[in-house]
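Below is one structure, written out as structure tokens, with a few remarks after it.
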Amino acid sequence: MYTMAATAMSTVSMSIVGAYMTMLEPKYVVAALVLNMFSTFIVLSLINPYRVDASEENIQMSNLHGRSELLRNAG
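Each residue of the sequence shown is one higher than the one before, starting from 5 at the first, in the working numbering.
Written out as structure tokens, the structure is:
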């Protein structure tokens, strides 16, 4: 639940971004948005840690170009 809330809070509406760009130089606003995005990922990885087992790490990618069930059903 916190993950969804933090992700929603980290995004800023474009009207607010536009207001910030009228007050500051746009390059600073864009840099702040990117840094805010990365800081959200860091905080979420600290709060919701996960471990990858060796069995989960080995992903088979042999049949990537075959037709999936969705495409097969669609025609």
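For glycine and all other residues, C-beta sits at the position ideal for the given N, C-alpha and C.
Annotation for M18: the continuous alpha helix (DSSP H) segment containing it runs 18-27. Take the alpha-carbon of L37 and the one of Y24: they are about 11 Å apart.
CA-CA distance, S17 to M41, rounds to 14 Å.
Rounded to whole angstroms, the gap between the alpha carbons of T7 and E29 is 31 Å.
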